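Residue numbers (my numbering), protein chains in the order written: chain V, 1 to 263; chain A, 264 to 561.
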């Protein structure tokens with residue numbers, strides 16, 4: 001209670017009102033971005049239905065039981081997390097830039113950072129939906145048995161780990177044309193997921209591919225997801241987390257520089 | 264039109280360069296509260312650059328850009344500014360009503376949604392996804408977004424492109440009302456009749472320079488001419504040689520004559536051609552003045 005009183009005493013009423021107003025704008029903006037894509041089948045089908053369909057085909061029908069079923073879920077969870085980050089941000093940003101919406105938003109009184117933050121929140125919401133659907137499929141059809149804390153951790157991981165892919169999407173969306181964005185993003189999405197051993201385990205791929213796998217953020221995320229489903233703390237936990245954080249920070253900083261208001 | 268302290272927004276000695284090209288050259292002009300100011304100019308004259316500077320979308324190389332007492336583009340200015348850009352494609356899948364609610368939410372004291380919908384004539388469109396609206400309907404929604412924040416300063420860039428006559432008249436009426444309530448409005452348009460109908464002040468921009476500015480009447484009076492039109496077989500070359508005639512052209516049987524004063528020319532025409540018919544005399548309008556001003560400046 002003491003801390004609450006202190007905080008409200010330190011923060012003048014005006015700035016608290018301003019913060020509430022900014023939060024409200026952010027929530028409305030995030031909701032609009034979410035509805036905008038939820039109503040676009042061209043986005044929803046590839047991002048939500050495709051990972052689910054491929055998981056049913058490769059993960060549920062072909063993967064078997066026990067550890068292989070758990071690891072298949074982990075792999076498809078990563079595939080399902082990558083798409084909302086890359087595509088939702090990359091494509092909408094490229095479109096907004098090209099069609100003048102970004103200009104209009106800049107002229108409107110949106111608080112700084114709201115535009116990008118709303119897009120990231122929207123991607124996290126989509127990642128949560130995809131992850132929930134995959135986990136339900138895994139639990140009820142894929143023979144995956146996990147504890148409640150493992151399921152929760154897996155969901156939390158998917159929601160947070162969409163951020164590095166958001167940052168990559170931002171970087172692409174900030175540079176390429178709207179018509180080229182889907183192709184460029186697929187050129188990142190598909191090879192990276194394959195080279196990270198998400199479609200076929202690395203053990204079955206040529207040795208060299210396994211050697212360079214640590215270059216890909218998706219591989220690091222897969223290690224974390226595998227650690228969760230195996231309930232075995234990964235040896236390089238800190239490395240994986242730091243790599244993902246670094247990718248997020250670097251791509252986000254570059255994208256922000258690209259999108260910064262003219263000085 | 265000096266950028267006085269009373270201006271809602273002003274450019275003072277502003278230059279803007281894109282690479283080698285000088286888009287604006289020492290431009291000074293202001294937008295005043297309660298007035299519609301029209302910024303006119305041929306394509307590529309720098310109108311969009313001027314609007315972009317006032318919106319804070321781009322920065323000047325030199326000079327000052329002030330908007331509502333602060334630097335252009337600052338949040339405090341944007342909170343009191345409404346904007347309708349020439350091309351801004353809003354998300355197709357969001358409904359007009361959702362867009363309106365979203366944009367209203369950005370402003371500290373927005374106009375009530377019903378009032379905005381009625382003013383912009385979008386009441387029946389609120390439930391329709393933006394992508395399903397016609398071009399003119401989309402323009403009306405954009406106008407609704409521009410006025411929804413109850414702005415003190417309003418930028419309208421080609422606002423009536425794609426609108427039918429009825430919708431255009433309705434938009435004009437709202438613009439006049441807003442100006443009467445004290446809103447400062449900057450209008451950029453290709454339709455000179457629109458500037459003539461709405462604007463009290465006009466600034467003409469040619470090749471990045473303000474070449475003329477003043478009230479619509481002052482601009483119209485720039486080298487004011489009389490236009491005489493009639494059906495006559497008199498040779499054009501002969502008329503061109505008459506004193507006071509500044510130009511003459513023929514379109515089949517029709518003669519178009521431009522002169523400094525009408526009466527001596529009309530008298531002479533009637534004397535020279537007793538069969539002359541369909542005689543018409545009128546004062547040149549803003550359109551002709553604009554053409555003359557831009558031609559002289561070029």
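The beta-carbon is built from N, C-alpha and C at its ideal position, and this holds for glycine as well.
Predicted model only: the values in this text are computed from it and were never measured.
Between residue i and residue j, which are expected to be in contact by the criterion C-beta below 8 Å, what is the C-beta distance as a whole number of angstroms?
| i | j | result |
| --- | --- | --- |
| residue 416 (chain A) | residue 331 (chain A) | 6 Å |
| residue 279 (chain A) | residue 323 (chain A) | 5 Å |
| residue 510 (chain A) | residue 528 (chain A) | No, residue 510 (chain A) and residue 528 (chain A) are not in contact; Cβ-Cβ is about 12 Å, not under 8 Å. |
| residue 47 (chain V) | residue 84 (chain V) | 6 Å |
| residue 308 (chain A) | residue 471 (chain A) | 7 Å |
| residue 300 (chain A) | residue 448 (chain A) | 7 Å |
| residue 72 (chain V) | residue 59 (chain V) | 4 Å |
| residue 423 (chain A) | residue 392 (chain A) | Going by Cβ atoms, the distance from residue 423 (chain A) to residue 392 (chain A) rounds to 23 Å, so no, they are not a contact pair. |
| residue 463 (chain A) | residue 479 (chain A) | 7 Å |
| residue 398 (chain A) | residue 326 (chain A) | Rounded, the Cβ-Cβ distance is 36 Å, inconsistent with contact. |
| residue 492 (chain A) | residue 518 (chain A) | 7 Å |
| residue 348 (chain A) | residue 104 (chain V) | 5 Å |
| residue 525 (chain A) | residue 544 (chain A) | 5 Å |
| residue 100 (chain V) | residue 352 (chain A) | 6 Å |
| residue 418 (chain A) | residue 318 (chain A) | 7 Å |
Nearest CA to the CA of residue i: which residue from the options?
| i | options | result |
| --- | --- | --- |
| residue 371 (chain A) | A:414, A:381 and A:351 | A:414 |
| residue 106 (chain V) | A:538, A:485 and A:320 | A:320 |
| residue 343 (chain A) | V:108, V:66, V:84 and V:162 | V:108 |
| residue 281 (chain A) | A:311, A:435 and A:295 | A:311 |
| residue 259 (chain V) | V:204, V:115 and V:140 | V:115 |
| residue 23 (chain V) | V:241, V:167, V:117 and V:178 | V:117 |
| residue 404 (chain A) | A:418, A:412 and A:388 | A:388 |
| residue 93 (chain V) | V:149, V:26 and V:172 | V:172 |
| residue 217 (chain V) | V:235, V:72, V:232 and V:244 | V:244 |
| residue 86 (chain V) | V:72, V:163, V:68 and V:41 | V:163 |
| residue 151 (chain V) | V:165, V:133, V:168 and V:166 | V:133 |
| residue 350 (chain A) | V:91, V:90, V:237 and V:96 | V:96 |
| residue 256 (chain V) | V:159, V:74, V:39 and V:168 | V:168 |
| residue 483 (chain A) | A:336, A:466 and A:362 | A:466 |
| residue 55 (chain V) | V:180, V:81 and V:246 | V:81 |
| residue 222 (chain V) | V:74, V:67 and V:53 | V:74 |
| residue 364 (chain A) | V:25, V:249, V:228 and V:113 | V:25 |
| residue 70 (chain V) | V:252, V:242, V:226 and V:129 | V:226 |
| residue 183 (chain V) | V:166, V:90, V:201 and V:146 | V:90 |
| residue 451 (chain A) | A:283, A:288, A:315 and A:297 | A:315 |
| residue 30 (chain V) | A:366, A:336 and A:296 | A:366 |
| residue 246 (chain V) | V:215, V:37 and V:79 | V:215 |
| residue 145 (chain V) | V:127, V:179, V:198 and V:64 | V:64 |
| residue 379 (chain A) | A:412, A:502 and A:501 | A:412 |
On the criterion of 16 or more Cβ atoms from any shown chain inside 10 Å, does residue i qualify as buried, or is it exposed?
| i | result |
| --- | --- |
| residue 156 (chain V) | exposed |
| residue 400 (chain A) | buried |
| residue 220 (chain V) | buried |
| residue 76 (chain V) | buried |
| residue 420 (chain A) | buried |
| residue 538 (chain A) | exposed |
| residue 457 (chain A) | buried |
| residue 212 (chain V) | exposed |
| residue 204 (chain V) | exposed |
| residue 269 (chain A) | exposed |
| residue 267 (chain A) | Note that residue 267 (chain A) scores 46 on pLDDT, short of 50, meaning its location in the model is unreliable; the coordinates nonetheless yield the value given after this. By the neighbour-count rule (16 or more Cβ atoms within 10 Å), residue 267 (chain A) is not buried but exposed. |
| residue 123 (chain V) | buried |
| residue 546 (chain A) | exposed |
| residue 149 (chain V) | exposed |
| residue 207 (chain V) | exposed |
| residue 540 (chain A) | exposed |
| residue 286 (chain A) | buried |
| residue 67 (chain V) | exposed |
| residue 15 (chain V) | exposed |
| residue 329 (chain A) | buried |
| residue 428 (chain A) | exposed |
| residue 273 (chain A) | buried |
| residue 7 (chain V) | Any answer about residue 7 (chain V) is weak, because its pLDDT of 48 lies below 50 and its placement is not dependable; what the coordinates show is given next. Burial call: exposed. |
When DSSP builds the beta bridges, which residues end up paired with residue i?
| i | result |
| --- | --- |
| residue 493 (chain A) | A:518 |
| residue 510 (chain A) | A:521 |
| residue 478 (chain A) | A:464 |
| residue 358 (chain A) | A:392 |
Does the beta carbon of residue i come closer than 9 Å to any beta carbon on chain D?
| i | result |
| --- | --- |
| residue 208 (chain V) | The structure shown contains no chain D; its protein chains are V and A. |
**Item:** Inside the region 517 to 559 of chain A only - alpha helix (DSSP H) runs reaching at least 4 residues
**Value:** 526 to 535
**Message:** Give the list of continuous alpha helix (DSSP H) stretches no shorter than 4 residues that lie fully inside the region 390 to 472 of chain A.
**Reply:** 398 to 410, 428 to 443 and 455 to 461
**Asked** For the region 271 to 354 of chain A, which segments carrying the alpha helix (DSSP H) assignment without a break, of at least 4 residues, lie completely within its bounds, in sequence order?
**Response** DSSP assignment within the region 271 to 354 of chain A yields the following whole alpha helix (DSSP H) runs of 4 residues or more, N-terminal first: 310 to 317 and 338 to 341.
**Asked** Can you list the alpha helix (DSSP H) stretches of 4 or more residues lying completely in the region 74 to 158 of chain V, in chain order?
**Response** 90 to 98, 101 to 107 and 114 to 140
**Prompt:** Which full runs of the alpha helix (DSSP H) of 4+ residues lie inside the region 207 to 262 of chain V, going along the chain?
**Reply:** DSSP runs (the alpha helix (DSSP H)) wholly in the region 207 to 262 of chain V: 207 to 212, 217 to 230 and 237 to 259.
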